[in-house]
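Order-wise, the sequence lines are chains P, H, V and X.
Heads up: the first sequence at position 197 corresponds to 197 in the working numbering, and the numbers run straight through without jumps.
Heads up: the second sequence at position 61 corresponds to 1061 in the working numbering, and the numbers run straight through without jumps.
Heads up: the third sequence at position 313 corresponds to 2313 in the working numbering, and the numbers run straight through without jumps.
Heads up: the fourth sequence at position 232 corresponds to 3232 in the working numbering, and the numbers run straight through without jumps.
Beta carbons are placed, not taken as given, at the ideal position from N, Cα and C, and that holds for glycine.
Remember, predicted model here, so these are calculated numbers, not experimental data.
Have a look at the structure below, then the notes.
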Amino acid sequence: MAVPEPILRMKGIGKQFPGVKALDDVDFRLLPGEVHALMGENGAGKSTLIKVLTGVHPVDTGTIDLDGVPVAFAGPLEAQRAGISTVYQEVNLCTNLSVAENIFIGREPRKRGRIDWKRMRARAAELLARLDLDLDVSAPLEAYSLAVRQMVAIARAVDIEARVLILDEPTSSLDAGEVAQLFKVMRTLKGEGIAILFVSHFLDQIYEIADRMTILRNGRRVGEYLVSELSQVELVGKMIGQELKELERLHGEAKRFDAPLVEARELGRPGAIEPFTLTIHEGEVVGLAGLLGSGRTEVARLLFGADHAGGGEVAVGGTPAALRTPRAAMGHGIAFCSEDRKADGLVPDLTVRENIILALQATRGWTRPVPREQQDALVGKYIKALKISPPHPEHLVRNLSGGNQQKVLLARWLILEPRLLILDEPTRGIDVGAKAEIQRLVVELSDGGMAVLFISAELEEVLRLSHKVGVLRDRRLVAQLPNDEELTTEVLMETIASGGRP
Amino acid sequence: SGGSGGASGSDDGSITMGFSQVGAESGWRTANTKSVQEAAKESGITLKFSDAQQKQENQIKAIRSYIQQKVDVIAFSPVVESGWDTVLKEARDAKIPVILTDRAVDSKDTALYKTFLGSDFVEEGRKAGQWLVQSFNNSTDPVNIVELQGTTGSAPANDRKAGFAEVIGADPKFKVIASQTGDFTRAKGKEVMEAFLKSNPDIDVLYAHNDDMGLGAIEAIEGAGKVPGKDIKIITVDAVKDGMQALADGKINYIVECSPLLGPQLMDLAKKVVKGETVPARVVTEETTFTQEQAKTALPNRKY
Amino acid sequence: MRRLLWPLVILAALLAVNVLFTPGFFAIQVREGHLYGSLIDILRFGAPLILVALGMTLVIATGGIDLSVGSVVAISGALACLQISQDAGVFTAVVLALGLSVALGAWNGFLVANAGIQPIIATLILMVAGRGLAQLITDGQIITVNDPAFKLIGGGYLLTVPFGILLVLAVLAVTAFLTRRLALGMLIEAVGGNAEASRLAGIRARGIIVMVYAFAALCAGVAGLMISSNVSSADGNNAGLWIELDAILAVVIGGTSLAGGRFSLAGTVLGALIIQTLTTTIYSIGVPPETTLLFKALVVTVVCLLQSAAFREKVFKRRARTAAAQEVAA
Amino acid sequence: MSALASRQRYLPALVTGCLFAAMFVAGGIRYEGFASGQVILNVFVDNAFLLVVAVGMTFVILTGGIDLSVGSVVALSTMIAATLMSGPGWPPYVVVPLVLLIGSGLGLVMGYIIHAFDIQPFIVTLAGMFLARGLCYTIGTESVPIEDATFTAFAQTRIDLFADLWISPSVVVAVAVVAVAAYVLHYTRLGRAVYATGGSEQSALLMGLPVGRTKIAVYTISGFCSALGGVLLSFYMLSGYGLHAVGMELDAIAAVVIGGTLLTGGSGLLFGTVLGVLVLGLIQTIISFEGTLSSWWTKIFIGLLLFVFIVLQRLFSARSRR
Ligand SMILES: Nc1ncnc2c1ncn2[C@@H]1O[C@H](COP(=O)(O)OP(=O)(O)OP(=O)(O)O)[C@@H](O)[C@H]1O
Ligand SMILES: Nc1ncnc2c1ncn2[C@@H]1O[C@H](COP(=O)(O)OP(=O)(O)OP(=O)(O)O)[C@@H](O)[C@H]1O
Ligand SMILES: [Mg+2]
Ligand SMILES: [Mg+2]
């Protein structure tokens, strides 16, 4: 099969950030009508390649040709004008604007020179319907959860008339249904001859949608391969430079739990989550499954006191506890690693070290600083354990790659050694190697007696880790299923779909 | 008429006056306000007072609101001279007489106000200059003068500078070697004077546009190891109590009075104007100048 | 630190300009048992500004702003002088003045943290009303006091060094200790950098915010004592007028972002010194009052351009390019 | 949900409006002659220039910036207008466009510096504030009267409405500016880009919006509005003076923020700004009707009114959001 002329060709790209060589002599090409996956560990340079391509950062060395003509975009605006539509990794939308505006801003439909709001809303609703999403398009985007925002960003990108579509980890918090919907759209676009650059850490997704892939490691190009010619094991080997053991269901033998740690009774919040009753035992991993917007995050936030509960009560270790603020919850040994690391997780201008010890310091108050040696020891330990790269504690978190930022956030809560650790999409954007590491850590911690509430859009992951799975639908906890041999992803999907009714 | 405005007071004989003050930027101004308020009380005039916080637009608003409230007479101390025609015409249309205090306005149409009561800042500057010329008339050596100006752009600063310059300009031996604004405050006066003392080793005379800056400068001069009043002669304007004390103590050499106590005169004028009597177009306040000896005798009965 | 390089260069340049006009500018003598000289003056007159700016730095780092410091300066000075003129002891007067300042600051903090009012408006209330309060205390007059102990605070000397400078050093040391040695600084930066994330990390943001505003007011209170002590009088009308603007400017020149987050105490001190040196320069080189502001505009523009990495890059690149072009031509 | 969402957006302005009405009624009960239509109209007449300036400030604040130069640019505009008309005797139809051009030009330059060199708006516009005020003094420290016949005639025109009520032409100009600005903000791409930039500059940039151009535009708009405010102020004062409009930047910022706009940008309505200006104006009116306050009690009272207003505003918007 003759390879057609590439739409896009990058040659000898180099990019140096202070202290980090993000890209080193990278070649890359994108053919029309293909889905091209860009693969690599966290911090390999995938996002940076995309950013230099679209003019967010200037390149240090190398050339970029679009249709054989050298280009150097001064910014995303120019790239967009040249027919490159991009969804960047951190969902970059304006949450103060309405959903419809976020889709159409900059190219609003107009009538006699003025913005035609009615048409804009109608078209937005139409477009979202194509992605199987039913949102109030005139509500501000901040009313919606991260996953919805991700879908809106995708909707915006696919609607822009473009010849190149770039999606940097668009699926990191989407569930299977949404992903399927996205892939449907991608296939249509591909059929129209549009070239798609796709980044994801979910190997299954890559094998489902991509035709070709380019692998990066430590800012260097490892090679370009046809997806059909490279097995998953080989791929992982090339990405991380070593073999990875396949993961099993980690909780083999059934464990008995008889020491309830956190008992929520009729806990609820009007408009957000219906009253639910849930018991989490010491050493138990409870998974939460549900569709986008089903209320998983809301459950977690209530248990952490991040939102005010509208009713119900919580007991921790058998005694009633008033979890009115996060600080109060932390006082009871509860920790919560939030889903949206950008909005309510990290402080971008602080260093890796400061971000990691932030919660620990908060529990001690400002008068008792964590001694520097202790800080260095803790931070060093988790940089190593989670493979945070670059492994410099004094780097600003804002300059880390998305996956590494997620690891920093995770480390913050792990060092607290809480009694109940709530993890909301903890592996979002994390590469396969580190993901396995984190999962192992969860198992280890729960074996040591820590309770874990685990939320993930990836059902396999939930099944692999949990002793018990809570199923949510339409902001109601509809079922709590023990995780035994009979519980499979199919059963879970069915439960979600049926709403727990037989 | 009642305190809440409303009907014109002329029918029952009592008078309501709307008075728009510049602000409360200095002790002088506050004394002026007090004098007006006390005099109003004494003479049975209902006073509506408003503070413009140094803003002309606020004064215009206040005057307009007095017109709205149908007061019997309006008095105000203009922040600046220009820009009063429109609102004064409105007052005339509403048949409310207007008295200016403290500062004049530059309207061509002098029929817009009944009278102007106040001091003449240019004349104050001249008086300061005349004393200087007189006390140095038998020497031919050059006289190095430093000047502490009031707030840049304000009428007293402009006029006191101009009047002074006019008089000393006649003799080339007088040289203003440094002139800087001290914003009419002691703190700034001290700060600027310290800098002057450093960059100009040979200062003979200090002319400060008000007492407060002069008092600040005295501290600076003492800090530099010089004797105020002797090594450096000091002339100021205003004659507030602290200034007079310093004058009596020999730290200041000459003060040109600028009296804030216009209240009684203002109330007299107001009564006449409301009755429809004719009043002179310009009433100059009774002001004088003080030497160190005069200060000692005058000090015990200074009111402010 | 590299961040402080350019402010330092600018400060040096300003000082150099002064030497051109006043040859003995750097000379420091001991006169009548105390240090005397232009540099000392800059420190002495800059002391209140440095203090206010230090407090402002922490407020700005939390993402706030405090417009009321000028009024607090006036209130503190007025209350202290009133007390002293009514024969209360200096100690009582100072304690009362500072106590009131802290209370006012806490009030600001309460409005911001608990009532959720935007900082600029919350402090605008006290800015307006506070000036009135100061005038109420002084009855609109200038209260002159004559008390050697009070004089020490802003106009006196200790071991030949102006007491004000020592006071600033002490406050600076305490602030640096609280923020950099203890964990206060990091928590402030976290709250300013991402308020929601800090809340979820368990930081008691409200307490910190109240504390920071109270601290800013305390600094302003001390500055107010200094200013009134320096001229032995309290001027409720003019003391501290517009000092909030200078203080914010000092903070910004020092490299702290008005959006909150990272802050630099050393940068703020440098910023305040630049502003004070600028003022002194204007006096000593004899810029006429009408053009003073033009001169200030020029300096501020140069300062901010030099501090901008984007500007330096553009200028340097162009220069590098023209240099290269010349080389080729030659 | 849609109704709820939009109610959320208009809530602050709504609450402010109700409080304004309540304040007016309270004034009417307390002061004789207060509850008249002309009192309200006078608030417009007396604050037309502030309204125009605040409109410009709203654009800037919506992008998350701030413009401290407005007061000085207002003063500079009055100064230039007065000097050109009284000195060389230029006609108003030459002078006014020139003044507007100069104001916009200043704004453009500041906007360019802010964008191109990535410098905090506070410091750039502060330099602009010094510059404009300094230029005033360089032109002259005295107040310059305006005596041009056309200009004076226009300034003193009264537009009679029904029943004894009247407004000045400045009010018409100000209302027109508000209308145009509201249109721009709501119905043009520039307007929406302003909100987006304020919401998140980084995101707006990555979404391919012309962030730089937007930022330059808002400062130009603010410069234009300040110059126009200056022209209106010269109608009001018939003079040019370097000390006019000292501190007006604060009034403008306060008006915008009282109107419910977030200083961090991205959220707020122009209608709120109008209310903010009216509230400040009404406070002034109440003060002058009160009439017996000493200078300091005036300030304390203003602060108090502001406080009560803000707290009630917070309370009501928070309550109804629950
Ligand atoms: N603005 C920046 N300043 C400094 N370093 C940066 C910056 N942006 C990225 N880096 C560094 O460049 C390297 C590559 O980052 P990049 O974001 O491209 O990784 P990635 O492959 O997208 O990883 P992930 O899977 O975690 O998203 C990382 O080491 C990161 O720390
Ligand atoms: N598809 C949707 N339609 C309408 N509202 C939604 C939808 N998805 C999310 N929301 C809104 O987002 C809010 C947050 O949902 P929440 O984060 O609790 O859900 P979640 O189960 O954690 O989902 P996610 O996987 O998106 O995080 C919900 O309260 C809901 O108002
Ligand atoms: Mg990435
Ligand atoms: Mg969620």
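Residue from the options with nearest C-alpha to residue i
{"i": "LEU66(P)", "options": "LYS15(P), VAL370(P), LEU8(P)", "result": "LEU8(P)"}
{"i": "THR1152(H)", "options": "LEU2014(V), VAL2299(V), VAL2287(V)", "result": "VAL2287(V)"}
{"i": "VAL2069(V)", "options": "VAL2128(V), ARG2206(V), ALA2113(V)", "result": "VAL2128(V)"}
{"i": "GLY3291(X)", "options": "SER1065(H), GLN1053(H), ASN1032(H), GLU1025(H)", "result": "SER1065(H)"}
{"i": "LYS1190(H)", "options": "LEU1206(H), LYS1175(H), ILE1177(H), TYR1304(H)", "result": "LEU1206(H)"}
{"i": "PRO2007(V)", "options": "ALA2093(V), GLY2271(V), THR2062(V)", "result": "GLY2271(V)"}
Chain-order list of residues whose beta-carbon lies under 6 Å from that of residue i (same chain, five-residue window excluded)
{"i": "ALA37(P)", "result": "PHE198, ILE206, ALA210, MET213"}
{"i": "GLY3230(X)", "result": "VAL3074, SER3077, THR3078"}
{"i": "SER1004(H)", "result": "Bear in mind that the predicted position of SER1004(H) carries a pLDDT of just 39, short of 50, making it unreliable; the figure below should be weighed with that in mind. Nothing listed; no residue qualifies."}
Residue i beta carbon near ligand 3 (any heavy atom closer than 7 Å)
{"i": "SER2228(V)", "result": "no"}
{"i": "GLN89(P)", "result": "yes"}
{"i": "LYS46(P)", "result": "yes"}
{"i": "SER294(P)", "result": "no"}
Sequence-distant residues of the same chain with beta carbon closer than 8 Å to residue i, five excluded per side
{"i": "PHE3162(X)", "result": "none"}
{"i": "GLY12(P)", "result": "ASP25, VAL26, ASP27, THR61, GLY62, THR63"}
{"i": "LEU2305(V)", "result": "PHE2311"}
{"i": "ASP376(P)", "result": "ARG353, PRO393"}
{"i": "GLN558(P)", "result": "The shown model of chain P, from 1 to 502, leaves out residue 558(P), and the question about it has no answer."}
Through-space distance from residue j to residue i, alpha-carbon basis
{"i": "MET2211(V)", "j": "THR2179(V)", "result": "12 Å"}
{"i": "LEU203(P)", "j": "SER173(P)", "result": "15 Å"}
{"i": "GLU1257(H)", "j": "ASN2238(V)", "result": "22 Å"}
{"i": "PRO270(P)", "j": "GLN1068(H)", "result": "54 Å"}
{"i": "GLY3111(X)", "j": "THR3220(X)", "result": "7 Å"}
{"i": "LEU2166(V)", "j": "ASN1144(H)", "result": "36 Å"}
{"i": "LEU3209(X)", "j": "CYS94(P)", "result": "11 Å"}
{"i": "ALA157(P)", "j": "GLU126(P)", "result": "15 Å"}
{"i": "GLU2313(V)", "j": "GLN2307(V)", "result": "11 Å"}
{"i": "VAL2161(V)", "j": "ILE2153(V)", "result": "12 Å"}
{"i": "TRP1028(H)", "j": "ASN1253(H)", "result": "20 Å"}
{"i": "VAL3308(X)", "j": "THR1030(H)", "result": "28 Å"}
{"i": "TRP2107(V)", "j": "LEU2015(V)", "result": "40 Å"}
{"i": "VAL3274(X)", "j": "ILE3310(X)", "result": "16 Å"}
Residue i Cβ short of 7 Å to ligand 1 heavy atom set
{"i": "VAL2017(V)", "result": "no"}
{"i": "PRO3169(X)", "result": "no"}
{"i": "SER3203(X)", "result": "no"}
{"i": "ALA22(P)", "result": "yes"}
{"i": "GLY40(P)", "result": "yes"}
Cβ neighbours of residue i in the same chain (closer than 7 Å, five flanking residues each side left out)
{"i": "LEU1088(H)", "result": "VAL1098, SER1107, LEU1112, TYR1113"}
{"i": "ASP3160(X)", "result": "TRP3166"}
{"i": "ARG341(P)", "result": "GLN405, GLN406, LEU409"}
*asked:* Tell me which residues of the stretch 3205-3229 of chain X have at least one Cβ-Cβ distance to chain P shorter than 9 Å, keeping chain order.
replied: LEU3205, LEU3206, MET3207, GLY3208, LEU3209, PRO3210, VAL3211, GLY3212
*Note down, in chain order, all residues in the stretch 93-104 of chain P with a beta-carbon under 7 Å from any beta-carbon belonging to chain X.*
LEU93, CYS94, THR95, ASN96, LEU97, GLU101
*Selection of the stretch 3135-3148 of chain X by Cβ proximity to chain H, strictly under 9 Å*: CYS3136, TYR3137, GLY3140, THR3141, GLU3142, SER3143, VAL3144, PRO3145, ILE3146, GLU3147
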